[in-house]
Amino acid sequence: MEAFLDAGLDFCLDVVKQCWSGSLPGSSLKVLSEKLRKTKQALRQWSRSSFGDIFLEIRSAEQKVAEAELAHDDNPSEELLIQLHKARARLRNALVVEEEYWKQKARVKWLADGDQNTAFFHSVVTERRRKSVIHRIRRTNGDWVDDEASICNEAVSFFQGLFTEEVRRASSDMLEFIPRVINDQDNSGLTEIPSMDEVKEVLFSMDGDSAAGPDGFTGKFFTAAWEVVAEDVHRAIESFFCGAELPRCVTATAIVLLPKVLCPHDFTQFKPISLCNFVNKVISKLLSVRLVRVLPRIISPQKSGFVPGRQMADNFLLAQELLSDIRKPNRGGNVVLKLDMMKAYDRVSWLFLIQVLWRFGFSELWIDMVWRLVSNVWFSVIVNGSLKGFFKSTRGLRQGDPISPALFVIGAEVLLRSLNALAVHRRFHPFKVPSGCPMVTHLAYADDVIIFTSDIKASVQLVKQVVDGYCSLSGQRVNCQKSCFLVHPRVPPQRRAMIRTVTGFSHKSFPIKYLGCPLYIGRRQVYYFADVCSAVTARILSWKNRVLSSGGKLVLLRSVLSSIPIHLLAATSPPKAVFVSLEKVMAAFLWGSSEIGPRWQWISWGELCWPPEAGGVEFRSIAEVYDALSIKLWWNFRQQKSLWAQFLSAKYCKGVHPCLAEEVSSQSYTWRRLRSVQDLAEEHIGWVLGEGSMDFWHDNWMGTGALCHRVDIFHEHRVADLVFQAQWNWRLLNQILAPELVRQVVQVSPPASRGADRMVWALTADGTFSVASAYSVVTKSATCSWVASQVWLQGCPFKISFFMLRLLRSRLPLMDMLLKFGVQGPSRCRCCSEPGEEGIQHTFCMGGLAKAVWASFEECQGELARVSTVCHLVVRWWLRRGHNVYLKFVYRLLPMLVCWELWKARNTGVFEGRRVVSTEVVRQVFLQLCALFHCRFPEIDGSFGSWDAFHSALVGMRRRVSIIQVARVAPTRGYKLNSDGCSRGNPGISGGGGVVCDRDGKLIFGYSCFFGSLTSLHAELRAMLFGVRLCVAQGLHGLHIESDSLSLVRILQGSQSCPWRLQQEMSELINYKPYFTEITHCYREANKPADCLANMGADSEQERVFTSLSALPCNVQGELALERVGFPNFRRRWGR
1 MEAFLDAGLD FCLDVVKQCW SGSLPGSSLK VLSEKLRKTK QALRQWSRSS
51 FGDIFLEIRS AEQKVAEAEL AHDDNPSEEL LIQLHKARAR LRNALVVEEE
101 YWKQKARVKW LADGDQNTAF FHSVVTERRR KSVIHRIRRT NGDWVDDEAS
151 ICNEAVSFFQ GLFTEEVRRA SSDMLEFIPR VINDQDNSGL TEIPSMDEVK
201 EVLFSMDGDS AAGPDGFTGK FFTAAWEVVA EDVHRAIESF FCGAELPRCV
251 TATAIVLLPK VLCPHDFTQF KPISLCNFVN KVISKLLSVR LVRVLPRIIS
301 PQKSGFVPGR QMADNFLLAQ ELLSDIRKPN RGGNVVLKLD MMKAYDRVSW
351 LFLIQVLWRF GFSELWIDMV WRLVSNVWFS VIVNGSLKGF FKSTRGLRQG
401 DPISPALFVI GAEVLLRSLN ALAVHRRFHP FKVPSGCPMV THLAYADDVI
451 IFTSDIKASV QLVKQVVDGY CSLSGQRVNC QKSCFLVHPR VPPQRRAMIR
501 TVTGFSHKSF PIKYLGCPLY IGRRQVYYFA DVCSAVTARI LSWKNRVLSS
551 GGKLVLLRSV LSSIPIHLLA ATSPPKAVFV SLEKVMAAFL WGSSEIGPRW
601 QWISWGELCW PPEAGGVEFR SIAEVYDALS IKLWWNFRQQ KSLWAQFLSA
651 KYCKGVHPCL AEEVSSQSYT WRRLRSVQDL AEEHIGWVLG EGSMDFWHDN
701 WMGTGALCHR VDIFHEHRVA DLVFQAQWNW RLLNQILAPE LVRQVVQVSP
751 PASRGADRMV WALTADGTFS VASAYSVVTK SATCSWVASQ VWLQGCPFKI
801 SFFMLRLLRS RLPLMDMLLK FGVQGPSRCR CCSEPGEEGI QHTFCMGGLA
851 KAVWASFEEC QGELARVSTV CHLVVRWWLR RGHNVYLKFV YRLLPMLVCW
901 ELWKARNTGV FEGRRVVSTE VVRQVFLQLC ALFHCRFPEI DGSFGSWDAF
951 HSALVGMRRR VSIIQVARVA PTRGYKLNSD GCSRGNPGIS GGGGVVCDRD
1001 GKLIFGYSCF FGSLTSLHAE LRAMLFGVRL CVAQGLHGLH IESDSLSLVR
1051 ILQGSQSCPW RLQQEMSELI NYKPYFTEIT HCYREANKPA DCLANMGADS
1101 EQERVFTSLS ALPCNVQGEL ALERVGFPNF RRRWGR
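Numbering follows full-length UniProt numbering, in which position 311 of the sequence shown is assigned residue number 311; successive positions increment by one, without gaps.
This is the structure we're talking about:
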């Protein structure tokens, strides 16, 4: 469906509207399914008639282009050039459709527009099809089958058996550990019928490009056609919440098989992913979004993942920290059990899940919705591209269903809480932890469970009993072949044999992979992390880099490859050699390789990591990413919201402030990593005062740094200790601080028990931590270059911009550069008719071909003679003044296209032995310029026969301006407050002003204020707050607030978050909301009186209140008089 929507949205919507018109009998869900079925048939027919055979269209368009080129070459004329333009436009459109076709099938989401990668998409599809074909398979009885029918039958039989409930006997005693957590208010929110807005928000938040279910519709169809389908979608979902059963046409699911190994032998080595119909996924997502809100109160702290605020790295960090103490003396020693659950999602018992939900306190209505969602699922298996079978499941959760992860972790709570209960069992001896640290019996992420205990036989037996009981009750099964246990190398063989006998698990040695990272004991070794480098290398080989454009390589490195080691860097502390190895692999991928080895790296990886304005491409240095993630770890540690952070605090801080923790010889690599960034992170951690419980000396609660660095002697204090009756205790402050510091302290509003203190990240507006802002702190500064910044232009293909970056830095494989590398050879230009040495200046500026090409686009030929370098020539084009956006775009793009085509002409001469004439280069430049121009500005119609005609047409274009009328809006009742703030510098000298009028426009009062140095938004907020305070003091109610700050209005309306530095004043303003009737945005032209008073406040640097019209400045009096008689203002809106 994506190809339809992208190719002709308007036509598609007409088809959808026709299919959607009229009423159909049946339930809302069946009506929606029937309309989707009709739409699918109509879109298929429309696609055949509109596109036909896209590959035949390309061949026809290519033939037309070749004929037009021959005609123009034989008889150059403006008319024939226009015909060539039209032929190439037809070919370009056909190629776009083909690329979209292969891109849709390849489902690669990281490539940017502008670089054609059709061959790459085709290769991805071909490779994926090759890997997904099953040529032979082994049956459960050990026999091999290789014919298509037998393979299909075996697939259907296997997965039908997998999703069929087994008869078993199990005790439900373990459910006693599940407490009632969900209350009536929670249940009411979970089961409330969703509004149209909620359905739309959920639907639009889903991935519109994810694979479609059996009905063929993706999310992109629903978002594009929302105005047409919205009512039926909402009615269908509403009927489900009212008790309607989901019909088969909605719950039908296709199972796609993803091989888990290189050459799978049987169907146990495939991972079944469910492709659900999008309507089914929307219902499931609605339930999931609501369920996630209560998960933090249900799920044990030992569980990470699928719970807001918990991260997968937390469990690895804690596991690694526990293993650092595995040698600690313990009765019998310490042991770690790593469980591998067999087909965990697919084996979940529905009856067990319902019992767990009921135990937690979920209502019958909610449980009924969950039951109807999971219990009426019909599966077909995709085998070698075809759907086979149609059977109903009786157990299991679909991998691909949005609610499945939440339901799975809720069911797994039975195991986790039962393991926690062992801590009080008299026969159980736990894993030894340092004194004062919380006991940890297990850690879990999804179906990955790791258990910590002593290796006393009784303890191991108790753990085994709990695991077996959980499996019997839930339908899970432990894979004993893949599960293992780990002990310290010095544990006697007899102990290992006992553990092996009791558990049935094999013993493995450290390191072992856990959550994708190596768990180890002792010193870290480079080879522990070899799998990460291998994963990056394997990913590179799988991307078919020979058919990927240079622009595609750059985007791939910036998005996909650089994200592979992020989890590793977030959780572990690899040696620096690992970073070097990873960057070498990525650099080799970018520059390519030959039969004799890697090619030269013309720009070092460190320079490529510079920002674009400094001459880089904004790759991320792995070492600097590691430092930024280290700061994130410190942030998470200081928040103390995870079990990992609490464990480390108890182990190393022992009740003191983290900055005062003492160095110990046995500290782990994680703690050393945290201490290495402690000072840098603390500089940017701020606090929003609530009850004042943070440390007075060591926390940066003033925003100017910790006070401990500015005094010599201090005692332990909390901020609240220096407050008396909601005011600063001046006497005590003067005893412990110098007068200058006291003056700085009292400028901060004292804590007044407004709730808990909030830790904020000072580098973001809303105070939430971001790795990007931390990366900006650790990144080494680079010198910015205007020339380098001009290379990157929206609408210019990435590969051309990167080529220009290399050209302007003299990093191209021309002979003058190759000689510097010691490459000997003839330096002869193969582009020009007269002999000359090959070099950058000759090839792109001073050579015969280059001069002829540049002269074709120059208005004054004499200017070209005064230019001696290609950099000078390019910059001269970039400095040309264009009076509209079209000319500015062309002046930026044209010199880059000239250089690009000259480079292609040089390569043609070197590698093909054919000299390209200047007219051919000029034609290619102009054709590509027109193509990119029309892609960037599709509103400009027409083809141009020459550069002169094209340039003249652009020169004749003027910016369009429209005038709109802006009138004052009178309040329906009460009074109207118009406020405005100004800041000259943002932040800079600022002021505020406003006027309050009644419904007839009569002035009540006006005001102007001086605020000092503030940001624009802060000045707007303070100006409004000042006016509201005056209104409340004078007893004015029913205020209609109007401001020309859209951000401030959105914050007050709740649609935008408030910057943390403004939250205290914003909270005060929100407390005045009972006095407001309305808060609206207006244009600045409708807010002139307040704007004048705000500027007056910034100029006068004083505060004034005007209680009469005559006291106001004359210009403000005039504006108010015009508003009162209804005279409108006018606003100019500029077009391109």
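In this text, a Cβ means the ideal position worked out from N, Cα and C, and glycines have one as well. All values reported here derive from a predicted model rather than from experimental measurement.
Specify, as a first and last residue, the run of the alpha helix (DSSP H) that residue i falls within.
i: E1042; result: Looking at the DSSP string, E1042 is not in any alpha helix (DSSP H); the run it does join, the beta strand (DSSP E), is L1039 to S1043.
i: W761; result: Where W761 is concerned, there is no enclosing alpha helix (DSSP H), although the beta strand (DSSP E) it sits in stretches over R758 to W761.
i: K799; result: F798 to L808
i: C152; result: E148 to L162
i: N636; result: I622 to Q639
i: Y669; result: Y669 to S676
i: G219; result: G219 to A224
i: residue 1142; result: Beyond the ends of the chain as shown, which are 1 and 1136, falls residue 1142; an answer cannot be given.
i: C736; result: The sequence as given places Ile at residue 736; Cys does not occur at that position. W730 to I736 is the extent of the alpha helix (DSSP H) around I736.
So is residue i buried or exposed if we call it buried at 16+ other beta carbons inside 10 Å?
i: Q45; result: exposed
i: I940; result: exposed
i: L893; result: buried
i: P971; result: buried
i: W701; result: buried
i: A850; result: buried
i: W600; result: exposed
i: R169; result: exposed
i: R523; result: exposed
i: K343; result: buried
i: M439; result: exposed
i: N141; result: exposed
i: W226; result: exposed
Between which two residues does the beta strand (DSSP E) holding residue i run?
i: T1080; result: F1076 to H1081
i: A688; result: Note on residue identity: the sequence assigns Val, not Ala, to residue 688. Taken as a continuous stretch (DSSP letters only), the beta strand (DSSP E) holding V688 covers I685 to V688.
i: residue 1137; result: In the structure as shown, the chain starts at 1 and stops at 1136, and residue 1137 therefore has no counterpart that could be examined.
i: Q965; result: V961 to V966
i: I1004; result: L1003 to L1014
i: D980; result: Y975 to R984
i: L259; result: A quick correction: the sequence has Pro, not Leu, at residue 259. Element bounds for P259: A252 to P259.
i: L519; result: C517 to L519
To which residues of the same chain is residue i closer than 7 Å at the C-beta, ignoring the five residues directly before and after it?
i: D998; result: Y975 and I1004
i: V502; result: K457, V460, Q461 and K464
i: Q965; result: P1128 and F1130
i: D113; result: Summary for D113: the model assigns pLDDT 41, below 50, so the residue's position carries little reliability; its value from the coordinates is reported in the next sentence. Around D113: no qualifying Cβ.
i: F204; result: T223
i: H684; result: W761, A762, L763 and V777
Among the residues of its own chain, which have a CB less than 6 Å from the CB of residue i, if the five just before and after it don't count?
i: S1008; result: G993, L1093, M1096, G1097 and R1104
i: A433; result: Before going on, a small fix: residue 433 reads as Val here, not Ala. Once the five neighbours on either side are set aside, V433 has no close Cβ partner at all.
i: A68; result: Q83, L84 and A87
i: A782; result: W610 and A614
i: R811; result: W602 and I603
i: R906; result: C831 and T843
Cutting at 8 Å between CB atoms, please list the residues of its own chain near residue i, excluding the five before and the five after it.
i: Q1053; result: I1079
**Asked** What runs of the alpha helix (DSSP H), each 4 residues or longer, lie entirely inside the region 341-371?
**Response** 350-360
**Request:** Just list the beta strand (DSSP E) runs in the region 1045-1130, keeping only unbroken ones of 3 residues or longer that don't cross its boundaries, in chain order.
**Result:** 1076-1081 and 1104-1106
**Item:** Uninterrupted beta strand (DSSP E) stretches inside the region 363-448 (no shorter than 3 residues)
**Value:** 378-383, 386-392 and 442-445
**Request:** Evaluate contact between the region 243-250 and the region 376-384, counting only Cβ atoms and requiring at least three cross-stretch pairs below 8 Å.
**Result:** yes
**Message:** When you compare the region 319-329 with the region 575-584, are there three or more beta-carbon pairs, one atom per stretch, that lie closer than 8 Å?
**Reply:** no
**Prompt:** Is there contact between the region 314-321 and the region 253-264, where contact requires at least three CB pairs shorter than 8 Å?
**Reply:** no
**Asked** Are there three or more Cβ pairs, one per stretch, closer than 8 Å when the region 1064-1072 is compared with the region 1015-1034?
**Response** yes
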